[in-house]
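Peer 1: Just so we're aligned: the sequence shown equals residues -20 to -1, 1 to 427 in mature numbering (1 follows the signal peptide of the UniProt record, and there is no 0). No residue lacks a Cβ here, since even glycine has one placed at the ideal position from N, Cα and C.
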Amino acid sequence: MKFYHAFVCAVVACLPFATAVPLEERGQPTLPTEDAFYKIPSNIEDYAPGQIIDSRRPPYPIASFGVSPVNLADSWQILYRTNDNFNSATATVLTVLVPHNADYTKVLSYQVAQDSAYANCAPSYAFQLKSATGGLLGTILSQAELLLMQAALEQGWIVISPDHEGPRAAYLANKLAGYATLDGIRAALNSASFTGISQRPTISLWGYSGGAIASAAAAELQPSYAPELRIAGAAVGGVVPNITTTIAGINKRTVAGLIPAGVLGIASQYPEVTTLLENEIRPEYKAAFADAASQCFTANVLQFAFKDVIGMFKDPTILYRDQAKRIIDENALGQAIPQIPMYMYKSVRDEVSPVEETDALVRNYCAGGARVKYDRDLLSDHGSLALLGVGKSLVWLKDIMNGGPGPVQCSTSTLISSLLDLKGTKLLSKTLLEAFLNLLGSPVGPP
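#1: According to DSSP, W56 sits in a beta bridge with which residue or residues?
#2: Using a threshold of 8 Å, state whether the C-beta atoms of P142 and T70 are closer than that.
#3: So K287 is in the alpha helix (DSSP H); what residue range does that whole segment cover?
#4: Check whether the Cβ atoms of T421 and N51 lie closer than 8 Å to each other.
#5: How do the segment 251 to 269 and the segment 368 to 384 stand: do at least 3 beta-carbon pairs fall below 8 Å, yes or no?
#6: Between T405 and G371, which are expected to be in contact by the criterion C-beta below 8 Å, what is the C-beta distance as a whole number of angstroms?
#7: Can you tell me whether G383 is buried or exposed? The criterion is at least 16 other CB atoms within 10 Å of its CB, across all chains shown.
#8: Could you spell out where the alpha helix (DSSP H) holding G237 opens and where it closes?
#9: Taking G217 as the reference, which of C276, F107 and M322 has the closest Cα?
#10: Give every residue of the same chain whose Cβ lies closer than 6 Å to the Cβ of E125, excluding the five residues on either side of it in the sequence, and list them in chain order.
#11: Pick out whichever of L419, A415, G425 and P423 has its Cα sitting closest to the Cα of L128.
#12: Leaving out the 5 sequence neighbours to the left and right, which residues in its chain are closer than 6 Å to G191 when beta-carbon positions are compared?
#13: Using C-beta distances below 7 Å, list every residue in its chain close to D54, excluding the 5 sequence neighbours before and after it, in chain order.
#14: When you compare the CB of L365 with every CB in chain C, is at least one pair closer than 8 Å?
#15: Helix, strand or coil, according to DSSP, for V139 in the structure here?
#16: Determine the direct distance from the alpha carbon of P427 to that of S80, and round the result to whole angstroms.
#17: With DSSP run on the structure shown, which of helix, strand or coil describes R301?
#18: When you compare only the Cα positions, how much space is there between A285 and I32?
#19: What do you get for T394, buried or exposed, if any count of 16 or more other CB atoms within 10 angstroms of its CB means buried?
#20: DSSP three-state label for F293, please.
#21: I'd like the list of long-range same chain contacts for L133, defined as Cβ closer than 8 Å, with 5 residues on each side in sequence excluded.
#22: Which whole-angstrom value is the C-beta distance of L74 and G164, which I expect to be below 8 Å?
#23: So, with DSSP's three-state summary, where would you put T70?
#24: Just the Cα atoms here: how many angstroms apart are A153 and A206?
#25: Please classify Y159: does DSSP put it in a helix, a strand, or coil?
#26: Can you tell which of A198, S22, L169 and Q249 has the C-alpha that lies nearest to the C-alpha of T182?
#27: Helix, strand or coil for I396 per DSSP?
#28: Pairing CB atoms from the segment 195 to 215 with CB atoms from the segment 230 to 250, are three or more of them under 8 Å?
#29: How big is the Cα-Cα spacing for C390 and E336?
#30: Name the DSSP beta bridge partners of K266, please?
#31: Evaluate E200 with the Cβ neighbour count: other Cβ atoms within 10 Å of its Cβ, from every protein chain shown; 16 or more gives buried, anything less gives exposed.
This is the structure we're talking about:
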C-alpha cells in the first residue's frame, strides 16, 4: 500500500497548480442519502433490469480529488433498475464520462474499489467537485481511481462506472455487485438518445481490488444474467476470491479496517448478520463498529490499522463457521465460469489476499473452459500493483477494444515486474503525464 499512497500524495501535491475553483465560491454536492435523485421508486419492480429511471448531468463537475475539474466533453448520472443479492428489484446510479473526440463505439465499464459500507462513499458522489464525506481523507481512494479512468478516456473510450455496492453500500455482497455492473452496461446502451453511445459498442470491464471483485462477479454472472451483452473482455487485478481467508490474513495488519466494513456491507443484505453483530460484538467495541458504518475506506483503515478486529467479537471464530461462513462463502468468487476473455494480474506478495487463492481461481476458470491470461508480479504488493499494472492492462484492453481476440487459451506467467514490459511501461508513463496535465485543465481525450 505504501507505493500507492505515495502516488496519491504526489498527485495531491500538484493540486495548488490546478485550475480549482476557490472553496468559498462553490457549495457541496448533496449526499446520496439526502439526494432525491437516488431515491428508489415505489414501483421499482415495474422496471426491467438496466432500464433507466432517471438521468441528469452531475450537479457538480467531475473533479480530480474533488478539487480540480476534469475537462470532459460531457458527463451524466443515470439511475437504473438492477437486482440485489436475492434477485429483488433495487436501483443504483451509473456515472457516464465522455471524453473529447470520443469514440462512441467503445465503452469501458470501470468498477471502483469503494470498499466501504457507507452509502455516501458511492463513486457517483465521490467523483464530483468538493465531494467530502466519510471521515478523514473521505473518498480519496475512489478519487484516485478517477485518474486511472482518465487513462481510458484518453483512448477516446466512453467510461462508465456503476455504484456497484447499491443503495445500501452492500460491500462484499458480490452477486449484487455483478448484477449492478451488468445492468449498468444495459443502462448505458439504453442511454443512446442523450449520451450518444452506439447501440452495438465494443464493451470491456476493468477493476482492481474491490473493483476487481465486482468485475469478476460480473464476468461470472454474464452468461446466465445478461447473455445478450457482447463483452469483449475484462481486466481484473488484485482480486480477492475468498473473503474468509482474507479476514484472517488482514486482521491486526494495515488494512484491518476492511473487516468491519465488509461485515457491515454483507449485513445490509443479510439481516441475520446484523443480528450476529448485535449479539457477538463486545460492548466496548460496538461504537467502533458503528463508526465503520459512516466512514469511507481511508478513515476505516486509519481507525482500525493493526487492531485485533476479530478479537472484538465475543467468539473470535464466529466468522469462520456456521451461518456466517455460509453467507461469506455464498459471496465468494469461482461459482461460475466466465465466457469472455480475461486478463488477470496479481502480486505474488499480495498482503490482502494470498496469491495462491487467485492461482486456484484461475485454475478453476481454465478447467471450465475460460480463456485467461494471468500475470503474477514478483516485486509489487497489493497497493503498488494498482498503479504498476495499469500499463499492461491498458495494452491488453486496447487490443480487445480494437477487435483483437484476446487469449485463445489459458496462460500463466510469473514476472519480475510489470514495469519490465516496454509497451506497458511506455503507456504507464504517458498515463502519469496526462494525469498531471489533466489536473492543469488539459482536455481529456485523444487529439
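Peer 2: By the coordinates alone:
#1: On the sequence shown, residue 56 is found 76 positions in, with the first residue counted as 1. For W56, which the question treats as bridged, DSSP gives the partners V76.
#2: As a first step, residue 142 is located in the sequence shown; it is residue number 162 there, counting from the start. As a first step, residue 70 is located in the sequence shown; it is residue number 90 there, counting from the start. Their beta carbons are not under 8 Å apart, which means P142 does not touch T70 by this criterion.
#3: As a working mapping, residue 287 is identified with position 307 in the sequence shown. Segment: none, K287 is in no alpha helix (DSSP H) and carries neither H nor E.
#4: Sequence index remark: in the sequence shown, residue 421 carries index 441 (1-based). Sequence index remark: in the sequence shown, residue 51 carries index 71 (1-based). In the sequence as presented, Thr is not what sits at residue 421; that position holds Gly. Yes, the pair counts as a contact, with Cβ atoms nearer than the cut-off.
#5: no
#6: Within the sequence shown, the letter at position 425 stands for residue 405. Within the sequence shown, the letter at position 391 stands for residue 371. Yes, they are in contact, since the Cβ atoms of T405 and G371 sit about 6 Å apart, within 8 Å.
#7: For the purposes of this step, residue 383 is taken as the residue at position 403 of the sequence shown. By the neighbour-count rule (16 or more Cβ atoms within 10 Å), G383 is not buried but exposed.
#8: For the purposes of this step, residue 237 is taken as residue 257 along the sequence shown, with counting starting at 1. Segment: none, G237 is in no alpha helix (DSSP H) and carries neither H nor E.
#9: For this step, residue 217 is matched to residue 237 along the sequence shown. When each option's Cα is compared against that of G217, the closest is M322.
#10: In the sequence shown, counting from the first residue as 1, residue 125 sits at position 145. These residues qualify, in order along the chain: V92.
#11: Against the sequence shown, residue 128 aligns to sequence position 148. If we check each option's Cα against that of L128, A415 comes out closest.
#12: Here residue 191 refers to the residue found at position 211 of the sequence shown. Result list for G191: Q91, V92 and A93, in chain order.
#13: Here residue 54 refers to the residue found at position 74 when the sequence shown is read from its first residue. Closer than 7 Å at Cβ, skipping near neighbours: V78.
#14: No chain C is present in this structure, which holds just one protein chain.
#15: One-based indexing of the sequence shown puts residue 139 at position 159. Note: V139 maps to strand in three-state DSSP.
#16: By one-based count along the sequence shown, residue 80 stands at place 100. By one-based count along the sequence shown, residue 427 stands at place 447. Just to set this straight, residue 80 is His in the shown sequence, not Ser. Using only the alpha carbons, I get a separation of about 8 Å.
#17: On the sequence shown, residue 301 is found 321 positions in, with the first residue counted as 1. In the three-state reduction of the DSSP assignment, R301 falls in the coil class, being assigned neither a helical nor a strand state.
#18: On the sequence shown, residue 285 is found 305 positions in, with the first residue counted as 1. On the sequence shown, residue 32 is found 52 positions in, with the first residue counted as 1. Taking the straight line from one Cα to the other gives about 40 Å.
#19: On the sequence shown, position 414 is the one that residue 394 refers to. T394 should be labelled exposed.
#20: On the sequence shown, residue 293 is found 313 positions in, with the first residue counted as 1. Strand, per DSSP.
#21: Looking up residue 133 in the sequence shown gives position 153. Around L133: L52, L77, P79, V139, V424 and G425.
#22: Residue mapping note: residue 74 aligns to position 94 of the sequence shown, counting from 1. Residue mapping note: residue 164 aligns to position 184 of the sequence shown, counting from 1. Between G164 and L74 the Cβ distance is about 4 Å, and since that is below 8 Å, they are a contact.
#23: In the sequence shown, counting from the first residue as 1, residue 70 sits at position 90. Correct three-state label for T70: strand.
#24: Your numbering for residue 153 matches position 173 in the sequence shown. Your numbering for residue 206 matches position 226 in the sequence shown. Going from the Cα of A153 to the Cα of A206 covers about 19 Å.
#25: Counting from one through the sequence shown, the residue named residue 159 turns up at place 179. DSSP places Y159 in helix when its eight states are reduced to three.
#26: Position 202 of the sequence shown, counted from the first residue, corresponds to residue 182. Per the Cα distances, L169.
#27: Start at 1 with the first residue of the sequence shown, and residue 396 comes out as number 416. Reduced to three states, the DSSP call for I396 is coil.
#28: The segment 195 to 215, when compared against the segment 230 to 250, does not touch it at the 8 Å Cβ threshold.
#29: Locating residue 390 in the sequence shown gives position 410, where the first residue counts as 1. Locating residue 336 in the sequence shown gives position 356, where the first residue counts as 1. Approximately 17 Å, taken between the alpha carbons.
#30: If you number the sequence shown from 1, residue 266 lands on position 286. Beta-bridge pairing links K266 to no other residue.
#31: As a position in the sequence shown, residue 200 is number 220, starting the count at 1. The residue is buried, with at least 16 neighbouring Cβ atoms inside 10 Å.
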